[in-house]
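Here is the structure we will look at, set down as structure tokens.
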Amino acid sequence: MVKILLIDDEKNLLRVVSLNLIKKGFLVDTAISAEEGLGLFLEKKYDVILCDLKLSGMNGIELLSKVRSLDRQTVFIIITAFGNIEQAVYAMKLGADDFISKPVDIEGLVLNLNIFLNRNKGSKSADIKTTEDEALLKIKGGFIFKSPKIGEILSEIYLTAKSMSNILITGETGTGKELIARIIHNLSGRNGEFVPINCSAVPTELLENEFFGHEKGSYTGAISMQKGKFEAAEGGTLFLDEIGEMPLFTQAKLLRVIQDKEFSRIGSNLKIKLNSRIICATNIELERAVIEKKFREDLFYRINVLHFKIPPLRERREDIIPLANFFVKKYSELNKKNIESISDEAIELLMNYSYPGNIRELENIIERAVIISPYDILEPSCLPKTLNNEESGAKDDRSPNDLISGNIKLEYVEKELIKRVLGENGFNQTKSAAALGISRKQLITKMKKYNLFR
Ligand SMILES: Nc1ncnc2c1ncn2[C@@H]1O[C@H](COP(=O)(O)OP(=O)(O)OP(=O)(O)O)[C@@H](O)[C@H]1O
Ligand SMILES: [Mg+2]
57 MVKILLIDDE
67 KNLLRVVSLN
77 LIKKGFLVDT
87 AISAEEGLGL
97 FLEKKYDVIL
107 CDLKLSGMNG
117 IELLSKVRSL
127 DRQTVFIIIT
137 AFGNIEQAVY
147 AMKLGADDFI
157 SKPVDIEGLV
167 LNLNIFLNRN
177 KGSKSADIKT
187 TEDEALLKIK
197 GGFIFKSPKI
207 GEILSEIYLT
217 AKSMSNILIT
227 GETGTGKELI
237 ARIIHNLSGR
247 NGEFVPINCS
257 AVPTELLENE
267 FFGHEKGSYT
277 GAISMQKGKF
287 EAAEGGTLFL
297 DEIGEMPLFT
307 QAKLLRVIQD
317 KEFSRIGSNL
327 KIKLNSRIIC
337 ATNIELERAV
347 IEKKFREDLF
357 YRINVLHFKI
367 PPLRERREDI
377 IPLANFFVKK
387 YSELNKKNIE
397 SISDEAIELL
407 MNYSYPGNIR
417 ELENIIERAV
427 IISPYDILEP
437 SCLPKTLNNE
447 ESGAKDDRSP
457 NDLISGNIKL
467 EYVEKELIKR
477 VLGENGFNQT
487 KSAAALGISR
497 KQLITKMKKY
507 NLFR
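Under this note's numbering, the sequence shown is numbered contiguously, ending at residue 510.
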């Protein structure tokens with residue numbers, strides 16, 4: 057049986073959480089202080105320690121360091137008040153496996169415990185200390201940031217994720233709206249699915265069907281019953297992306313569903329209860345769309361109970377380098393390359409660029425740079441010309457010098473240049489040939505010679 061040591065100075069929490077865990081089949085000991093917990097830990101062996109962060113006397117972090125200096129296997133989970141992200145990151149750096157917020161969600165906790173306990177079975181000697189980036193990643197569900205602006209938004213998300221309130225997420229394209237919506241869903245403790253619908257991608261006449269599904273024979277072509285996305289999101293989250301593009305006709309239907317909290321499949325009178333959290337996202341200014349009568353004011357207020365505005369990347373430049381490093385690691389691994397860092401000159405270019413496509417654009421830039429880079433460090437020569445030409449005036453004259461100074465063969469230069477141009481043009485042969493000033497046929501011959509096909 058799995059043995060858990062639960063440490064908290066709130067007697068009530070000790071009682072409720074231990075009772076619930078015992079009901080789930082765990083053996084639980086409790087301690088009212090870290091000192092008492094440490095005593096028990098030294099005396100007996102536990103599979104899991106659940107410890108409150110703030111304790112009078114020795115606190116959760118101090119206990120964690122003591123435990124980790126003796127033992128790396130015991131799963132250590134920090135319990136913290138909502139929004140205490142900095143300390144949670146610190147705890148994860150010191151080797152905590154996870155952190156959970158109060159009030160403790162027992163179902164979610166048990167699910168996580170099973171994952172951690174299975175992991176430990178697999179790798180007995182794994183070093184479970186994480187780097188700061190990895191710790192952040194784990195806590196934010198993959199959302200990398202350093203800027204206080206994003207920190208504030210995430211703290212608010214931690215506070216509200218478990219509520220049922222509808223949420224509106226706005227921000228320019230590529231700022232991470234969908235990623236944020238997924239994080240909210242993961243933190244919501246809801247068991248159902250995260251179901252996204254792109255309202256601009258589905259033709260108007262099909263949107264209603266997509267939302268509510270239909271009964272067999274409800275219209276020509278409805279050969280069998282089909283559930284809609286509202287049903288698929290039962291007990292989960294319905295993510296209505298690009299809500300600003302939703303036709304007025306569908307807006308009216310959606311408003312009714314949100315108000316009545318129920319809906320029906322097309323061709324059916326049977327009412328189905330709405331039991332999903334609705335998160336909407338858009339990159340247009342809905343307030344203006346309301347004034348211009350393109351978006352219903354009543355619907356706007358219904359979906360806008362909580363509003364998270366994700367700032368563009370150029371307004372949170374502190375995030376550029378952590379994000380770039382994260383993408384370098386990601387694409388270096390994916391492409392089996394050994395790129396570990398970004399040169400100071402390339403960092404300067406990255407920091408000075410305006411990123412109209414935000415994080416998605418930064419991600420694309422780094423992916424391409426990793427693919428075409430001949431070095432194990434990303435240099436300005438791997439970055440698109442747009443960055444090199446940005447108003448900062450920064451110029452990249454390193455590439456030719458680097459290549460010439462190293463007594464490099466002309467063939468190598470040719471191959472690298474073609475590789476780079478292909479990468480910059482998404483391997484489009486016509487565009488690449490034009491950029492290189494050769495015919496497409498000549499390009500293909502050279503691609504064959506250097507084996508440059510994707
Ligand atoms: N903070 C972040 N950390 C890591 N990856 C991020 C972050 N923000 C965005 N991304 C990545 O950037 C890309 C774009 O993010 P996402 O699709 O969430 O943006 P969006 O705001 O929904 O864009 P659009 O308006 O174009 O639909 C995704 O690949 C996402 O994983
Ligand atoms: Mg999106």
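Each residue gets a CB set at the ideal place from its N, CA and C atoms; glycine is no exception. Given the structure is predicted, the values throughout are model-derived calculations rather than measurements.
Query - Rounded Cβ spacing between I239 and I225 (contact assumed at less than 8 angstroms) - result: As a first step, residue 239 is located in the sequence shown; it is residue number 183 there, counting from the start. As a first step, residue 225 is located in the sequence shown; it is residue number 169 there, counting from the start. No, I239 and I225 are not in contact; Cβ-Cβ is about 11 angstroms, not under 8 angstroms.
Report task. Pick out whichever of N414, S280, N381, S388 has its Cα sitting closest to the Cα of D400. Result -> Taking the first residue of the sequence shown as position 1, residue 400 is located at position 344. Looking from the CA of D400, the closest CA among N414, S280, N381, S388 belongs to N381.
Requested in this report: Run the proximity test for K233: is its beta-carbon closer than 7 angstroms to any non-hydrogen atom belonging to ligand 1?
Outcome: Position 177 of the sequence shown holds residue 233. Checking the Cβ of K233 against ligand 1 gives yes.
Requested in this report: Report the partner residues of A87 according to the DSSP bridge assignment.
Outcome: By 1-based counting over the sequence shown, the position of residue 87 is 31. Per DSSP, I63.
Query raised in the report: Is the stretch 305-314 touching the stretch 353-360, taking contact as three or more C-beta pairs under 8 angstroms?
Result: yes
Query - Buried versus exposed, by CB contacts within 10 Å (16 or more), N265 - result: Residue numbering aside, residue 265 sits at position 209 when the sequence shown is read from its first letter. Around the beta carbon of N265, a 10 Å sphere encloses 16 or more other beta carbons of the protein chains shown; the residue is thus reported as buried.
Query - I184 - DSSP class collapsed to helix/strand/coil - result: As a working note, residue 184 is residue 128 in the sequence shown. Unreliable positioning characterises I184 in this predicted model, as indicated by a pLDDT of 38, which lies under 50. A coordinate reading is not provided.
Query raised in the report: Quick one: what's got a C-beta closer than 7 angstroms to G479's C-beta in the same chain, skipping five residues either side?
Result: Position 423 of the sequence shown holds residue 479. Contacts found: R424, I427, I428.
Query raised in the report: For ligand 2, any of its heavy atoms closer than 7 angstroms to the Cβ of D297?
Result: Counting from 1 along the sequence shown, the entry for residue 297 is found at position 241. True, at least one ligand heavy atom lies under 7 angstroms from that Cβ.
Query raised in the report: Are the beta-carbon atoms of F383 and I322 separated by less than 8 angstroms?
Result: The count along the sequence shown starts at 1 and reaches residue 383 at position 327. The count along the sequence shown starts at 1 and reaches residue 322 at position 266. Not a contact, by the Cβ cut-off of 8 angstroms.
Query raised in the report: Does the beta carbon of A337 fall short of 7 angstroms from some heavy atom of ligand 2?
Result: Within the sequence shown, residue 337 is the residue found at index 281, counting from 1. Because some heavy atom of ligand 2 lies under 7 angstroms away, the Cβ of A337 counts as near it: yes.
Report task. Could you tell me if H363 is buried or exposed, where buried requires 16 or more neighbouring beta carbons within 10 angstroms of its beta carbon? Result -> What you label residue 363 is simply residue 307 of the sequence shown in a count that begins at 1. Flag for H363 reads exposed.
Query raised in the report: What separation, rounded to the nearest whole angstrom, lies between the Cα atoms of D316 and K218?
Result: In the sequence shown, counting from the first residue as 1, residue 316 sits at position 260. In the sequence shown, counting from the first residue as 1, residue 218 sits at position 162. Their Cα atoms are separated by approximately 22 angstroms.
Query - Beta-carbon proximity list for I474, same chain, < 8 angstroms, skipping 5 on both sides - result: Here residue 474 refers to the residue found at position 418 of the sequence shown. Closer than 8 angstroms at the Cβ level, and outside the excluded window around I474, lie S488, L492, L499, K502, M503, Y506, L508.
Query raised in the report: In terms of DSSP beta bridges, what is P252 paired with?
Result: Residue numbering aside, residue 252 sits at position 196 when the sequence shown is read from its first letter. DSSP output for P252 lists F295 as bridge partner(s).
Report task. Just tell me which of F268, E290, T293 has its CA closest to the CA of M281. Result -> The residue you call residue 281 lines up with position 225 of the sequence shown. The shortest Cα separation from M281 among F268, E290, T293 belongs to F268.
Query raised in the report: Do you know offhand how far I117's Cα is from D85's?
Result: Within the sequence shown, numbered from 1, the residue matching residue 117 stands at position 61. Within the sequence shown, numbered from 1, the residue matching residue 85 stands at position 29. One C-alpha to the other measures close to 20 angstroms.
Query raised in the report: Just reading off the alpha helix (DSSP H) that S477 is part of, what are its end residues?
Result: Here residue 477 refers to the residue found at position 421 when the sequence shown is read from its first residue. Position check: residue 477 holds Val in this sequence, whereas Ser was assumed. From DSSP, the alpha helix (DSSP H) with V477 extends over 466-480.
Query raised in the report: With 16 other CB atoms within 10 Å as the buried threshold, where does E389 fall?
Result: Position 333 of the sequence shown, counting from 1, holds the residue named residue 389. By the neighbour-count rule (16 or more Cβ atoms within 10 Å), E389 is not buried but exposed.
Query - Same chain, Cβ closer than 8 angstroms to A257, five either side skipped, listed in chain order - result: Here residue 257 refers to the residue found at position 201 when the sequence shown is read from its first residue. Taken in chain order, the residues that qualify are E298.
Requested in this report: Tell me whether the beta-carbon of V513 lies closer than 8 angstroms to the beta-carbon of D108.
Outcome: For the chain, the structure presents residues 57 to 510; residue 513 sits outside this window and is missing.
Requested in this report: Select from L243, N247, P252 the residue whose C-alpha is nearest the C-alpha of E234.
Outcome: Reading the sequence shown from its first residue, position 178 is the one you call residue 234. Of the listed residues, the one whose Cα sits closest to E234 is P252.
Query raised in the report: Around the C-beta of S437, are 16 or more other C-beta atoms found within 10 angstroms, so that it is buried, or is it exposed?
Result: The residue labelled residue 437 in the question sits at position 381 within the sequence shown. S437 counts as buried, since at least 16 other C-beta atoms from the protein chains shown sit within 10 angstroms of its C-beta.
Report task. With a threshold of 7 angstroms, establish whether the CB of T293 neighbours any heavy atom of ligand 1. Result -> Counted from its first residue, the sequence shown places residue 293 at position 237. No, Cβ of T293 sits at least 7 angstroms from all heavy atoms of ligand 1.
Query raised in the report: Closest by CA to K471, which one among Q485, T260, P430, S495?
Result: Working through the sequence shown from its first residue, we reach residue 471 at position 415. With distances taken between Cα atoms, K471 lies closest to P430.
Query - With 16 other Cβ atoms within 10 Å as the buried cut-off, status of S121 - result: Your numbering for residue 121 matches position 65 in the sequence shown. So S121 counts as exposed.
Requested in this report: Can you tell me which of P303, E249, K272 puts its alpha carbon nearest to the alpha carbon of K285?
Outcome: One-based indexing of the sequence shown puts residue 285 at position 229. Of P303, E249, K272, the residue nearest in Cα terms is E249.
Query - Rounded distance between the beta-carbons of P367 and L205, thought under 8 angstroms - result: Looking up residue 205 in the sequence shown gives position 149. Looking up residue 367 in the sequence shown gives position 311. It should be noted that the sequence gives Lys, not Leu, for residue 205. Indeed, because the Cβ distance is near 5 angstroms, the residues count as touching under 8 angstroms.
Requested in this report: State yes or no: is the C-beta of F201 within less than 8 angstroms of the C-beta of D65?
Outcome: To locate residue 201, count along the sequence shown from 1; it is residue 145. To locate residue 65, count along the sequence shown from 1; it is residue 9. No, Cβ-Cβ distance for F201 and D65 is not below 8 angstroms.
Requested in this report: Report the rounded CA-to-CA distance for S211 versus C336, giving the unit in angstroms.
Outcome: Locating residue 211 in the sequence shown gives position 155, where the first residue counts as 1. Locating residue 336 in the sequence shown gives position 280, where the first residue counts as 1. Those two C-alpha atoms are separated by around 19 angstroms.
**Report entry** DSSP state of F132 mapped onto helix, strand, coil
**Finding:** Walking along the sequence shown from the start, residue 132 turns up at place 76. Strand at F132.
Query raised in the report: Which runs of the alpha helix (DSSP H) spanning at least 4 residues fall entirely within the stretch 282-363, listed in chain order?
Result: Restricted to the stretch 282-363, the alpha helix (DSSP H) segments that are unbroken, complete and at least 4 residues in length are 285-288, 304-316, 342-347, 353-359, listed in chain order.
Query raised in the report: What is the C-beta distance between N394 and E228, in whole angstroms, given that I count them as a contact (C-beta under 8 angstroms)?
Result: As a first step, residue 394 must be located in the sequence shown, where it is residue number 338. As a first step, residue 228 must be located in the sequence shown, where it is residue number 172. At roughly 34 angstroms, the Cβ-Cβ gap does not stay under 8 angstroms, so N394 and E228 are not in contact.
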